[in-house]
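Visitor:
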Amino acid sequence: MKKSQIEVQFNWIFVLIVGAILLTFFVTIALKQKSTSETIIKSESFDAFNTILSSISSPEGSATSPVKFSDDIGYYCIIEDPCICQIYSGKRTQPSALLFTDDLFIFSQENLKGLYKIVSSKEWTFPFRIANFIFIISPEIKYFIEDTFFGQTIFYGMPPETILEEDAEYKAVDKELFNPNEFSITSGNYKVRFVFTETNPEDFSIPEEIRGSDTDVSAVYFTTENSADVVKFYKKSKSDPSKFSYSDESFIFGDATTYAAIFSENKDDYACMMNNAFKRFMAAAEIMKEKQIIYRSQEQFGCSSENTLGLESIQTEVSSSVCCTSYDTHASSSLLKISIDMFNLQDYDSYLSVKREISALNSQNDNAVRNGCPNLY
Numbered sequence: 001m002k003k004s005q006i007e008v009q010f011n012w013i014f015v016l017i018v019g020a021i022l023l024t025f026f027v028t029i030a031l032k033q034k035s036t037s038e039t040i041i042k043s044e045s046f047d048a049f050n051t052i053l054s055s056i057s058s059p060e061g062s063a064t065s066p067v068k069f070s071d072d073i074g075y076y077c078i079i080e081d082p083c084i085c086q087i088y089s090g091k092r093t094q095p096s097a098l099l100f101t102d103d104l105f106i107f108s109q110e111n112l113k114g115l116y117k118i119v120s121s122k123e124w125t126f127p128f129r130i131a132n133f134i135f136i137i138s139p140e141i142k143y144f145i146e147d148t149f150f151g152q153t154i155f156y157g158m159p160p161e162t163i164l165e166e167d168a169e170y171k172a173v174d175k176e177l178f179n180p181n182e183f184s185i186t187s188g189n190y191k192v193r194f195v196f197t198e199t200n201p202e203d204f205s206i207p208e209e210i211r212g213s214d215t216d217v218s219a220v221y222f223t224t225e226n227s228a229d230v231v232k233f234y235k236k237s238k239s240d241p242s243k244f245s246y247s248d249e250s251f252i253f254g255d256a257t258t259y260a261a262i263f264s265e266n267k268d269d270y271a272c273m274m275n276n277a278f279k280r281f282m283a284a285a286e287i288m289k290e291k292q293i294i295y296r297s298q299e300q301f302g303c304s305s306e307n308t309l310g311l312e313s314i315q316t317e318v319s320s321s322v323c324c325t326s327y328d329t330h331a332s333s334s335l336l337k338i339s340i341d342m343f344n345l346q347d348y349d350s351y352l353s354v355k356r357e358i359s360a361l362n363s364q365n366d367n368a369v370r371n372g373c374p375n376l377y
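Letter 331 of the sequence shown, counting from 1, is numbered 331 in the numbering used here, and no numbers are missing.
1. So, for E208: in the same chain, excluding its five sequence neighbours on each side, which residues have a beta-carbon less than 7 Å away from its beta-carbon?
2. Go to N132, then tell me how far its beta strand (DSSP E) extends in each direction, as first and last residue.
3. If you follow the beta strand (DSSP E) that I141 is part of, which residue opens it and which one closes it?
4. Using a Cβ-Cβ cutoff of less than 7 Å, which residues in the same chain neighbour E165 once the five nearest sequence positions on both sides are dropped?
5. Excluding five sequence neighbours on each side, which residues of the same chain lie with their C-beta closer than 7 Å to the C-beta of I78?
6. Report back the beta-carbon spacing between S264 and F107 to the nearest angstrom; my notes put them in contact at under 8 Å.
7. For V354, list the residues DSSP reports as bridge partners.
8. Hey, T329 and I293 are a contact pair by Cβ (cut 8 Å); roughly how many whole angstroms apart?
9. Helix, strand or coil: which one does DSSP assign to L99?
10. Specify the secondary structure class of E202 as computed by DSSP and reduced to three states.
11. Among the candidates D268, I145, Y156, Y170, whose CA atom is the shortest distance from the CA of F183?
12. In chain order, which alpha helix (DSSP H) runs of at least 4 residues are fully inside the segment 188-263?
13. Using the Cβ count rule (16 or more neighbours within 10 Å means buried), how would you classify N375?
14. If you draw a straight line from the alpha carbon of M282 to that of I134, how long is it in whole angstroms?
15. From the DSSP output, read off the bridge partner residues of S121.
16. How is the beta strand (DSSP E) around D174 delimited, first residue to last?
17. Measure the alpha-carbon distance for P201 versus S138 and round it to whole angstroms.
18. Check E290 in the structure and name its three-state DSSP category.
19. Within a Cβ cutoff of 6 Å, which residues of the same chain sit near A331, ignoring the five residues on either side of it in sequence?
20. Just mark Q94 as buried or exposed, buried being the case when its beta carbon has 16 or more other beta carbons within 10 Å.
21. Let's see if you can read the secondary structure: which residues bound the alpha helix (DSSP H) around I185?
22. For F244 and F150, I'd like the C-alpha separation in whole angstroms.
23. In angstroms, rounded to a whole number, what distance separates the CA positions of F105 and P82?
24. So who's on the other strand from G90, going by DSSP bridges?
25. Could you compute how far the alpha carbon of T153 sits from the alpha carbon of D255?
26. Compute the distance between the beta-carbons of V192 and T162, then report whether it is under 8 Å.
27. Please report how far the alpha carbon of Y351 lies from the alpha carbon of M274, in whole angstroms.
28. Using 8 Å for Cβ pairs, my map puts F253 next to A219. What's the rounded Cβ distance?
29. Use the C-beta contact count for Y170: other C-beta atoms within 10 angstroms, 16 or more gives buried, fewer gives exposed.
30. Could you check what DSSP says for K337 in three-state terms: helix, strand or coil?
31. Can you give me the C-alpha to C-alpha distance between I118 and A172, rounded to a whole angstrom?
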């Protein structure tokens, strides 16, 4: 082979190598730009997600709204005091988008699939208004609620099956009433949760269609033990996929906490967020006590008390001294001395103490209304 031919071949090889390097460089740049663009889009979507969460957390009553976000969403709680929970897209260790719940009380399953997610809120009153609980729901999760009187109350209190938003209809909550003794399933959902109100889940046979490992099956059971309202959490048994096995339990404090338990992944996530909520509850109880002090300090009463929070803006006209008994601070003062831990499953004494003082406050408020006095809440 002539020297000139060798030189030509070498030049072509050199050109190909340089071209391959340049092509690799530009492809890498393009992929990085694509990845960055996708991350920005996800971040913008999460910003909109965060805006909806914040807006739905304040108004009184209930609200439900779809959030367009096609990627799977994860929900993870760090079990400590205060409880720290995060919502993320991608891997938890390397999320492509992330937001923390901060002062919001959010309850959710740990893995949410679907082209969009549902955000719903329910007011927690116990007995006075404390905060809005927020539930993040996947329309692809199936909820079977036992067909009892309490079960029907739960069913109709859940967000609707479909909602309208900007002239478009969205599937919201996939829910169905069922009879444990006469039950067939057609669910193709990736996750199924049973809600029992009378039947012990351990006595229930999980249908064959959802016994496989591909379907995440769990249950909650609402019952009463030692005069306390309790929710028990169950998982599909590893040794017998046709049965539920007991996992853990915690307390229920009113209507909103029932739904918080239903939409939570497990007891730890539920109790973690409820411990945060109880701090808000104690702050509200402190304000309630101060309202009583201010109402009792009116000149018509002979039972003046010190205003410790400086809420001078509360003005009222009282009709007679009969109102004085409606503003006894014993119940609210007792509430502030109670320390309850939602992780302590044997803390029945604290639970019953809270219920007792709440009942006393309800009686005082009813008496105030009946006697024509300013109500507490």
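A virtual CB, placed ideally from N, CA and C, is assigned to each residue, including glycine.
Guide: Let me spell this out:
1. Walking along the sequence shown from the start, residue 208 turns up at place 208. Once the five neighbours on either side are set aside, E208 has no close Cβ partner at all.
2. To locate residue 132, count along the sequence shown from 1; it is residue 132. Looking at the DSSP string, the run of the beta strand (DSSP E) that includes N132 is 129-137.
3. For the purposes of this step, residue 141 is identified with residue 141 of the sequence shown, where counting begins at 1. Here the beta strand (DSSP E) through I141 covers 141-146.
4. The residue given as residue 165 occupies position 165 in the sequence shown. Cβ neighbours of E165 beyond the five flanking positions: S65, P66.
5. Residue numbering aside, residue 78 sits at position 78 when the sequence shown is read from its first letter. Cβ neighbours of I78 beyond the five flanking positions: I84.
6. On the sequence shown, position 264 is the one that residue 264 refers to. On the sequence shown, position 107 is the one that residue 107 refers to. About 5 Å separates the two Cβ atoms, so the contact holds.
7. Position 354 of the sequence shown, counting from 1, holds the residue named residue 354. DSSP lists no partner for V354.
8. Working through the sequence shown from its first residue, we reach residue 329 at position 329. Working through the sequence shown from its first residue, we reach residue 293 at position 293. About 6 Å separates the two Cβ atoms, so the contact holds.
9. The residue labelled residue 99 in the question sits at position 99 within the sequence shown. The answer is strand: DSSP assigns L99 an E or B state.
10. Start at 1 with the first residue of the sequence shown, and residue 202 comes out as number 202. It is helical.
11. Here residue 183 refers to the residue found at position 183 of the sequence shown. Looking at the Cα atoms, I145 is the closest of the given residues.
12. 255-263
13. As a first step, residue 375 must be located in the sequence shown, where it is residue number 375. It counts as exposed.
14. Translated into the one-based positions of the sequence shown, residue 282 becomes position 282. Translated into the one-based positions of the sequence shown, residue 134 becomes position 134. Taking the straight line joining both Cα atoms gives about 20 Å.
15. To locate residue 121, count along the sequence shown from 1; it is residue 121. According to DSSP, S121 bridges with A63, I134.
16. In the sequence shown, residue 174 corresponds to position 174, counting from 1. 174-178 is the extent of the beta strand (DSSP E) around D174.
17. Taking the first residue of the sequence shown as 1, we reach residue 201 at position 201. Taking the first residue of the sequence shown as 1, we reach residue 138 at position 138. One C-alpha to the other measures close to 23 Å.
18. For the purposes of this step, residue 290 is taken as residue 290 along the sequence shown, with counting starting at 1. Of the three classes helix, strand and coil, the one that applies to E290 here is helix, per DSSP.
19. Taking the first residue of the sequence shown as position 1, residue 331 is located at position 331. Excluding residues within five positions, the ones whose Cβ falls inside 6 Å are E357, A360, L361.
20. By one-based count along the sequence shown, residue 94 stands at place 94. Exposed, because fewer than 16 other Cβ atoms sit within 10 Å of the Cβ of Q94.
21. For this step, residue 185 is matched to residue 185 along the sequence shown. Looking at the DSSP string, I185 is not in any alpha helix (DSSP H), and its letter there is neither H nor E.
22. For the purposes of this step, residue 244 is taken as the residue at position 244 of the sequence shown. For the purposes of this step, residue 150 is taken as the residue at position 150 of the sequence shown. In a straight line, the C-alpha of F244 is about 21 Å away from that of F150.
23. Within the sequence shown, numbered from 1, the residue matching residue 105 stands at position 105. Within the sequence shown, numbered from 1, the residue matching residue 82 stands at position 82. Near 12 Å, if we compare the C-alpha coordinates of P82 and F105.
24. What you label residue 90 is simply residue 90 of the sequence shown in a count that begins at 1. Paired residues: P95.
25. Position 153 of the sequence shown, counting from 1, holds the residue named residue 153. Position 255 of the sequence shown, counting from 1, holds the residue named residue 255. T153 and D255: Cα-Cα distance of roughly 10 Å.
26. On the sequence shown, residue 192 is found 192 positions in, with the first residue counted as 1. On the sequence shown, residue 162 is found 162 positions in, with the first residue counted as 1. Against a cut-off of 8 Å, the Cβ pair of T162 and V192 comes out as no contact.
27. Position 351 of the sequence shown, counted from the first residue, corresponds to residue 351. Position 274 of the sequence shown, counted from the first residue, corresponds to residue 274. In a straight line, the C-alpha of Y351 is about 13 Å away from that of M274.
28. By one-based count along the sequence shown, residue 253 stands at place 253. By one-based count along the sequence shown, residue 219 stands at place 219. Their Cβ separation, rounded to whole angstroms, is 21 Å, which puts F253 and A219 out of contact at 8 Å.
29. The sequence position of residue 170 within the sequence shown is 170, counting from 1. Buried.
30. As a working note, residue 337 is residue 337 in the sequence shown. Note: K337 maps to helix in three-state DSSP.
31. Reading the sequence shown from its first residue, position 118 is the one you call residue 118. Reading the sequence shown from its first residue, position 172 is the one you call residue 172. Straight-line Cα distance between these residues: approximately 6 Å.
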